[in-house]
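To start, the structure itself, in structure tokens.
Chains as they are written, first to last, in the numbering used here: chain A, 11 to 339; chain B, 63 to 419; chain C, 102 to 483.
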């Protein structure tokens with residue numbers, strides 16, 4: 011018996027950032043173990059910018075090597091690094107004026123302790139063993155703690171810098187959604203009937219938006235398993251990061267009898283595509299209780315996850331278009 | 063450079079806010095729905111009596127692209143309504159609403175800000191606001207930036223750690239009187255200073271709590287304002303300004319954009335009874351006080367401010383609501399509200415207001 | 102109320118852009134718009150940007166990181182987000198800054214850099230099994246076809262028309278020189294009944310306009326496009342009995358727009374239109390949905406060639422969203438291309454003598470609408 015307490019999900023994508031004519035060479039430089047600044051009038055900017063911050067004119071990709079030493083102008087000590095920080099033990103984020111640059115950069119300093127941190131601290135650029143042409147290839151250490159590195163030059167340029175963004179979220183199921191899930195687990199469709207309008211919502215979001223009324227457990231209603239297909243499409247899956255689908259399948263909306271909002275996102279794989287039509291009468295067949303999978307249902311996404319085994323045509327006559335067309339979404 | 067204030071008289075005629083929750087158990091649309099109903103009940107208006115609706119929220123807080131679309135359920139949109147949305151704090155939605163009412167052809171605007179920070183990890187998420195090549199990939203987060211700003215102020219001799227603790231002590235004590243506050247307590251400066259650093263020189267209590275919440279207000283123009291309330295709070299000015307996203311190019315010991323906004327509005331820092339400022343990190347109060355040239359006679363954050371509750375995307379609008387509420391209660395005649403966005407006060411908005419004499 | 106006009110237009114070439122950054126993309130469009138208006142960055146009082154969900158690029162609240170590139174340091178800058186309609190909502194927001202009398206000259210930019218991420222992934226909320234936008238709209242298109250009796254070739258005709266128009270537009274993403282009805286019909290069926298070639302591309306791009314008031318127009322070198330009217334309407338995405346084919350919000354938006362403009366017969370009084378058609382069938386659906394033609398007649402307008410460049414109600418002369426779709430920019434491109442028409446700057450896809458043009462966008466679950474009317478005449482009568 012699953013307890014529906016919280017739902018968690020991960021938003022993750024490896025973004026491919028095009029680096030352009032200025033950031034590209036800078037990141038390529040990092041991969042090759044050097045810091046580059048860009049000339050801007052009689053100044054040098056590191057990290058380089060694509061244009062002059064004062065005049066807004068585009069800057070020519072005219073680079074000069076800077077560093078590897080630099081001076082700390084300001085710092086803060088991160089005693090509890092996040093998983094996204096470049097160092098996973100306590101470290102300093104600092105404003106560092108790299109030697110030869112007129113503007114400072116912000117980056118991480120790996121220091122033995124907060125006690126060595128001070129304005130004016132001399133630091134040295136250090137490079138990771140695995141470098142990919144990203145800002146995380148470099149970090150800094152106090153000169154007194156740094157050591158020499160031999161960084162082999164890589165091949166080619168870095169026109170694209172990858173940034174894998176991965177964020178985790180977790181929140182409790184809202185009460186209405188929790189009861190809906192408990193209903194599915196018990197093999198039932200639990201919707202809610204608005205005390206203001208009498209309309210039946212399934213799955214309900216816990217309120218009647220038209221009357222602006224919150225709904226409670228007292229408004230829960232059990233709905234039968236038969237319904238009408240109100241519309242559908244056939245999806246041919248597109249490949250993308252994280253995509254698991256490969257074969258074409260029907261995605262339909264089914265309006266359960268005695269409800270006023272159709273169940274969307276019903277994936278149909280047991281009825282031949284050529285036989286499928288809007289207006290068809292179907293009945294939900296649930297999976298055996300211990301095979302029901304509630305993935306994909308959370309406070310925002312409704313649907314029925316992996317709870318329904320299939321929609322079985324009932325053989326009843328099709329419902330006419332004018333009757334079901336009001337409930338397409 | 064034209065940034066005029068417009069000729070129409072626009073007033074706040076109703077305000078509503080939810081408490082700041084550590085984790086609100088229902089959904090964001092319900093948070094908003096409760097406020098919509100509260101304002102409609104208070105003013106006696108029907109939903110379609112409101113001419114324009116605009117909200118601020120941020121999809122990334124809940125990690126769902128298009129999360130803001132469900133929030134429409136909270137305002138009501140049937141029959142269809144004239145509405146818009148910014149992916150910013152509700153204070154900027156207020157800006158757009160004021161601009162819209164200045165056109166003089168509509169009379170009322172409903173403004174909202176909302177957000178649930180509890181589902182995600184804000185310190186990770188907010189790093190994504192920074193430069194996508196140089197800072198986001200090393201997770202440069204607002205707390206670290208606030209730490210840099212705080213240290214810069216200490217180094218420059220513009221503040222001491224005790225000054226930071228004073229802000230926290232006063233704010234969290236004031237929060238005890240605020241029924242919407244999430245974190246409020248009576249704690250002395252000495253006790254605060256005895257706590258260990260979190261992101262040195264900031265201590266944990268120098269940071270805002272993680273909150274869920276929403277706020278909303280109704281604006282009305284001219285005569286319509288007087289029809290809807292006998293305690294209108296007139297907007298006397300609004301302005302917002304941005305600074306560079308390259309922190310190395312900024313002087314973190316001043317709030318330059320706040321000063322530009324203040325100068326454009328021609329405000330006199332001694333002329334306000336109350337200032338509700340977006341102080342998420344205690345040092346920000348000192349920076350803002352200086353940029354706004356607030357004199358010691360101005361009561362700062364009588365609500366306790368964001369240190370007592372920080373429903374991101376509502377926090378700025380909530381400052382406006384708190385200031386307006388005080389004026390409507392007759393406890394202040396003039397007020398300034400401030401909102402901020404981005405790390406280390408990168409972008410700032412000021413809204414000034416006054417009650418009837 | 103102050104008057105507002107478009108005095109400068111700038112666009113990037115829409116395509117996958119691998120050689121520049123997002124900064125470079127928006128600057129390009131913004132600079133082109135400034136050059137068109139013969140203004141400099143310092144002449145801009147405020148900036149309004151718009152784009153679709155941040156997850157498309159993985160940059161949160163990009164006004165913060167793009168302000169430098171757009172010369173917005175020290176200025177007001179804000180960012181609108183109304184899903185697919187955002188480009189038009191942003192143009193409207195920028196117009197209100199002028200019409201309020203609070204700002205003289207405003208730069209507005211809509212953009213998207215979809216090649217950095219993946220649109221289908223983002224549009225599906227970052228999950229597997231995303232049906233993309235097409236999968237959401239295909240069932241409603243099916244309902245339109247069933248209800249209107251339209252023959253299947255209608256969608257295919259739109260797909261060909263818009264791509265042929267795009268051949269006249271150097272900025273368009275898709276230049277499908279060999280497009281034919283047969284090619285469209287034979288392309289894979291991604292979301293039945295939509296073929297692959299009936300669907301929009303995933304593009305990178307930025308579109309910008311400089312807006313100003315009467316004083317600014319007097320100083321500007323080129324013909325202005327006066328903003329005559331604008332309207333937005335929103336409804337819930339889902340509720341019992343919702344009409345997703347002819348949403349009430351779309352009808353209300355059009356009615357409000359025409360009323361403000363003084364238009365009583367849109368088909369006759371509007372010379373041409375840039376309508377947000379990301380999937381072919383949305384052309385006839387919006388012709389009906391925005392009261393340009395009666396219900397069930399939209400597909401007839403398409404079939405009889407009325408919406409061709411040579412027809413009496415040209416639609417998407419630029420190639421439309423079917424030829425270029427950087428989502429955050431697309432709505433602005435519609436507004437901007439309408440302005441191009443009445444300024445006489447639409448080059449090879451110019452409708453001769455276009456005096457009044459419609460720019461339109463929709464978004465979300467077809468629950469957001471934003472539209473504007475521009476004219477070469479500051480006070481057109483009808």
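Glycine is no exception: its CB is placed at the ideal position from the N, C-alpha and C atoms.
Who does residue 380/B pair with in a DSSP beta bridge? On the second chain, position 318 is the one that residue 380/B refers to. For residue 380/B, which the question treats as bridged, DSSP gives no partner whatsoever.
Along the alpha helix (DSSP H) that carries residue 354/C, what are the first and last residues, could you check? Residue numbering aside, residue 354/C sits at position 253 when the third chain is read from its first letter. Note, residue 354/C: alpha helix (DSSP H), 349-362.
Can you find a C-beta in chain C that's less than 8 Å from the C-beta of residue 245/A? The residue you call residue 245/A lines up with position 235 of the first chain. Flagged as an interface residue toward chain C: residue 245/A, by a C-beta distance shorter than 8 Å.
Does residue 183/A come within less than 8 Å of chain C when only Cβ atoms are used? Numbered from 1 along the first chain, position 173 holds the residue referred to as residue 183/A. Not an interface residue.
Using 8 Å as the limit for Cβ to Cβ distance, is residue 89/B near chain D? The structure shown has no chain D; the protein chains it does contain are A, B and C.
Assign residue 108/A to one of two classes, buried (16 or more other C-beta atoms within 10 Å of its C-beta) or exposed (fewer than that). One-based indexing of the first chain puts residue 108/A at position 98. The residue is buried, with at least 16 neighbouring Cβ atoms inside 10 Å.
Excluding the 5 residues preceding and the 5 following residue 347/B in the sequence, name in chain order all residues of the same chain whose CB lies nearer than 7 Å to its CB. In the second chain, the residue the question calls residue 347/B occupies position 285. If we look at residue 347/B and ignore the five residues flanking it on each side, its Cβ neighbours are 229, 339, 341 and 362.
Candidates 466/C, 185/C, 321/C and 239/C: which alpha carbon is nearest residue 435/C's? Numbered from its first residue, the third chain carries residue 435/C at position 334. Out of 466/C, 185/C, 321/C and 239/C, 185/C has the C-alpha closest to the C-alpha of residue 435/C.
Please return the same chain residues whose Cβ sits closer than 6 Å to the Cβ of residue 290/B, not counting the five positions on each side in sequence. The residue given as residue 290/B occupies position 228 in the second chain. These residues qualify, in order along the chain: 75, 105 and 282.
Proximal residues to residue 293/B (C-beta, below 6 Å), its chain only, five neighbours per side dropped: In the second chain, the residue the question calls residue 293/B occupies position 231. Closer than 6 Å at the Cβ level, and outside the excluded window around residue 293/B, lie 390.
Is the beta carbon of residue 102/B within less than 7 Å of some heavy atom of the ligand GTP? You won't find the ligand GTP in this model; it holds no ligand whatsoever.
Short of 8 Å in beta carbon distance, which residues of its chain neighbour residue 110/B, apart from the five on each side in sequence? Order them along the chain. Here residue 110/B refers to the residue found at position 48 when the second chain is read from its first residue. Excluding sequence neighbours, residue 110/B sits near 141 and 143.
Residue of 42/A, 40/A, 252/A and 71/A minimising C-alpha distance to residue 54/A: As a position in the first chain, residue 54/A is number 44, starting the count at 1. That would be 71/A, whose Cα lies nearest to the Cα of residue 54/A.
Do you know offhand how far residue 358/C's Cα is from residue 360/B's? The residue you call residue 358/C lines up with position 257 of the third chain. The residue you call residue 360/B lines up with position 298 of the second chain. Roughly 47 Å between the two C-alpha positions.
Within its chain, find whatever has a CB closer than 7 Å to the CB of residue 318/C; leave out the 5 residues flanking it on each side and keep chain order. For this step, residue 318/C is matched to residue 217 along the third chain. Contacts found: 106, 108 and 325.
Three-state class that DSSP yields for residue 250/A in the structure shown: Mapped onto the first chain, residue 250/A falls at position 240. The three-state secondary structure of residue 250/A, taken from DSSP, is coil.
Residue 332/C vs residue 354/C beta-carbon contact at 8 Å: On the third chain, residue 332/C is found 231 positions in, with the first residue counted as 1. On the third chain, residue 354/C is found 253 positions in, with the first residue counted as 1. In terms of Cβ geometry, residue 332/C and residue 354/C form a close pair [threshold 8 Å].
For the region 207-229 of chain A, which residues have a beta carbon sitting closer than 7 Å to at least one beta carbon of chain C? 209, 219 and 220
At the level of alpha carbons, what is the spacing between residue 237/B and residue 366/B? As a first step, residue 237/B must be located in the second chain, where it is residue number 175. As a first step, residue 366/B must be located in the second chain, where it is residue number 304. Near 4 Å, if we compare the C-alpha coordinates of residue 366/B and residue 237/B.
Please classify residue 221/B: does DSSP put it in a helix, a strand, or coil? Residue 221/B sits at position 159 when you count from the first residue of the second chain. Here residue 221/B sits in coil by DSSP.
Tell me whether the beta-carbon of residue 402/C lies closer than 8 Å to the beta-carbon of residue 346/C. In the third chain, the residue the question calls residue 402/C occupies position 301. In the third chain, the residue the question calls residue 346/C occupies position 245. The answer is no: Cβ separation not under 8 Å.
Please confirm if residue 244/C has its CB atom under 8 Å from at least one CB of chain A. Counted from its first residue, the third chain places residue 244/C at position 143. Yes - at least one Cβ of chain A is within 8 Å of the one on residue 244/C.
Can residue 217/C and residue 170/C be called in contact, C-beta distance under 8 Å? Position 116 of the third chain, counting from 1, holds the residue named residue 217/C. Position 69 of the third chain, counting from 1, holds the residue named residue 170/C. Cβ distance not < 8 Å, so residue 217/C and residue 170/C don't count as in contact.
Hey, which unbroken runs of the beta strand (DSSP E) at 3 residues or more fall wholly within the region 108-144 of chain B? The qualifying runs are 114-118.
Less than 8 Å between the CB atoms is what I'm expecting for residue 234/B and residue 246/B, so what's the real figure, rounded? As a working note, residue 234/B is residue 172 in the second chain. As a working note, residue 246/B is residue 184 in the second chain. With 8 Å as the limit, residue 234/B and residue 246/B qualify as a contact, their Cβ atoms being about 6 Å apart.
Taking DSSP's pairing of strands, which residues face residue 301/B in a bridge? Locating residue 301/B in the second chain gives position 239, counting from the first residue. Its beta-bridge partners are 412/B.
Within chain B, the residues that residue 392/C reaches when beta carbons sit closer than 9 Å: In the third chain, residue 392/C corresponds to position 291, counting from 1. Correct list: empty, because the minimum Cβ distance to chain B is about 14 Å.
If you follow the beta strand (DSSP E) that residue 103/A is part of, which residue opens it and which one closes it? Translated into the one-based positions of the first chain, residue 103/A becomes position 93. Looking at the DSSP string, the run of the beta strand (DSSP E) that includes residue 103/A is 101-108.
Using a cut-off of 8 Å between C-beta atoms, extract the partners of residue 173/C located in chain B. Translated into the one-based positions of the third chain, residue 173/C becomes position 72. 304, listed in chain order.
Could you please give the first and the last residue of the uninterrupted beta strand (DSSP E) stretch that includes residue 168/B? As a position in the second chain, residue 168/B is number 106, starting the count at 1. No beta strand (DSSP E) holds residue 168/B; DSSP gives it neither H nor E.
In chain A, what lies closer than 7 Å to residue 98/B by C-beta? Looking up residue 98/B in the second chain gives position 36. Residues of chain A passing the Cβ test: 222.
Report the CB separation of residue 216/A from residue 184/A in whole angstroms; it is logged as a contact under 8 Å. For the purposes of this step, residue 216/A is taken as residue 206 along the first chain, with counting starting at 1. For the purposes of this step, residue 184/A is taken as residue 174 along the first chain, with counting starting at 1. Correct: roughly 6 Å between the Cβ atoms.
Spatial distance of residue 448/C from residue 242/B (CA atoms): If you number the third chain from 1, residue 448/C lands on position 347. If you number the second chain from 1, residue 242/B lands on position 180. Cα to Cα, the separation comes out at about 59 Å.
At a CB-CB cut-off below 8 Å, which residues of chain C make contact with residue 193/B? As a position in the second chain, residue 193/B is number 131, starting the count at 1. Neighbours of residue 193/B on chain C, chain order: 166.
Under 8 Å between the Cβ atoms of residue 161/C and residue 343/B? To locate residue 161/C, count along the third chain from 1; it is residue 60. To locate residue 343/B, count along the second chain from 1; it is residue 281. Contact annotation: residue 161/C and residue 343/B have beta-carbon atoms that are not nearer than 8 Å.
Report the residue from 404/B, 385/B, 274/B and 417/B whose alpha carbon sits nearest the alpha carbon of residue 89/B. Here the question's residue 89/B lines up with position 27 in the second chain. The shortest C-alpha separation from residue 89/B is found at 274/B.
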